[in-house]
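Working notes, beginning with the structure itself.
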Amino acid sequence: MPYNITLAADKYVSLSGRLTENEIEELAAIGAMDRIEASFVPLPDDLAMLNELYFQKFPSTGLRLSGLASKNTIDLKNLSSLTYLQKLSLDGEQNVVGTEALTQLPRLKKLALNIKPLCEFNFLRNVSNGLEQLSLETKSKSLDLSILKHFKNLRAINLSIFRKGIEALCDLPLLESLTFKGSPSSFDFLNKMPKLKRLRILRGSARDFSEIYGNKTIKVLQLVRIPHLDQINLISNLPNLETLELSQLCHITELPNLSGHNSLKHVLLEDLKSLTDLSGLEHCPNLETFDFSMCPISLPLDSLVPVLRNKHLQHCSVSTASANKNQLFSLIIDSSRKKSESGCANVRKAITNDFGDF
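Count along the sequence shown from 1, add 72, and you get the number used in the numbering used here.
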């Protein structure tokens, strides 16, 4: 059988060879799924049959070509027949040609290009204006983001750090979710994005976020692996922030006083090696869940007490590399009459729902 079926929460099919018409009809009998994936670009006849017999019926199913490996340049021209496809993800280490095929997908709504050598982006000028989500991760820094101006339906963007033309993002009227793999030189442009709700900065050299203090649109914030950041006053200066994740910020020793923050409900901390002072959360007026995973074994047991005094807190979990210490933290949480369970899944869903596994 040239495909394998994985029946999990994200049901998908992995292709391993050519498909017959009967086999594609078998896939159609399974119905909608998260994605069909392969580690190669299928042949034109197979893609044409998938388009007519499967994607026409189930346009919400994505196509993911990942781990594309070849000694030669990979040609994407075969993809032009996928006229019913709405979600496409390409992931590879080899150079690609035939990107103009992506301009012939009129129903495309979600496009993810994680192709490291990609350095020519003119094809984006002619990709469907109906695009709603775009992920671009390459080693090149040559992309001028003004090329994205015509995507007026874009709601979510995930970018390697392209600095040129970054103000053009302000011209995307529906953009509400922005992910950077690296730090822009300035954050002021974020204040000119009226729909922005979700900000994710994963890696980078940022030290100062004061340019967005007072921003009233950001509701979800994720900061990961920003090695020079040594204070996190930003979170007390985003008045409508509801969901927060801080991860791998090695110089953060304390959280700011959040007693005046009326919106914050969910806090997820992970691998903050220097953080020992959690007292800033004691009087956070609407805090519902608190999770601290991979916290330092040296974290004193009584450091959790101020958090547990918060009368609004419902769920709390703390985990270290020590099973014995984890048990002690659980006992403290239980004795405070809070639920000793994690809200991590819900936080991650709020943070990453635009760009999940697909």
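From the three backbone atoms N, C-alpha and C, an ideal C-beta is built for every residue, glycine too.
CB contact flag (residue i, residue j, <7 Å)
i	j	result
A100	T133	no
N358	K345	no
K291	E317	no
L310	T289	no
L262	I229	no
P328	N312	no
L148	L183	no
S319	E283	no
V199	T171	no
L185	L208	yes
L274	V296	yes
8 Å CB neighbourhood of residue i in its chain, flanking five on each side removed
i	result
I233	K213, F252, K253, G254, S255, P256 and G276
H222	R197 and N201
L119	N150, L151, S153 and L154
I324	L301, D302, Q303, I304, L318, L344, S346 and L347
I369	T392, A393, S394 and K397
Contact test: residue i Cβ vs the ligand GDP heavy atom, cutoff 6 Å
i	result
N287	Ligands displayed in this structure: none; no statement on the ligand GDP is therefore possible.
Between the CA atoms of residue j and residue i - distance to the nearest angstrom
i	j	result
L180	R381	50 Å
S375	E326	11 Å
L157	L91	18 Å
S407	K397	15 Å
V390	R409	15 Å
R270	A422	9 Å
L87	L135	11 Å
I405	P299	31 Å
R279	V169	39 Å
Cutoff 7 Å; reference residue i; Cβ partners in own chain excluding five residues on either side
i	result
G237	D216, L217 and S218
K83	M105 and D106
D429	With a pLDDT of only 45 at D429, under 50, the local geometry of the prediction cannot be trusted, and the value read off the model is given with reservation. D82, listed in sequence order.
F362	V339, L353, V379, L385 and C388
Residue-level contact to chain D via CB, residue i, 7 Å cutoff
i	result
L148	Within the model displayed, chain D is absent; a lone protein chain is all it includes.
Among the options, nearest to residue i - alpha-carbon criterion
i	options	result
L385	E360, F364 and E95	E360
E95	M121, A110 and P116	M121
T424	Q399, C356, P311 and Q294	Q294
P116	V199, F130 and A173	A173
T348	S161, R409 and L321	L321
G332	P368, V113, S308 and S414	S308
M366	L403, L220, A393 and L350	A393
P245	M265, N123 and S351	M265
G286	R297, D260 and V296	D260
I108	E413, D280, L137 and C242	L137
L140	A110, D280 and L241	A110
E97	N123, N194, G89 and L403	N123
P131	K159, P114, V113 and V377	K159
Residues sharing a beta bridge with residue i, DSSP
i	result
E342	S319 and S365
F252	L231 and I273
E109	S86 and R136
K182	K159 and Q205
S214	According to DSSP, S214 bridges with nothing at all.
S389	D363
E295	Looking at the sequence shown, residue 295 is not Glu but Leu. L295 pairs with I273 and L318.
D147	V169
G164	L140 and I187
Same chain, Cβ closer than 6 Å to residue i, neighbours up to 5 away in sequence not counted
i	result
E165	K188
F127	Y156 and L157
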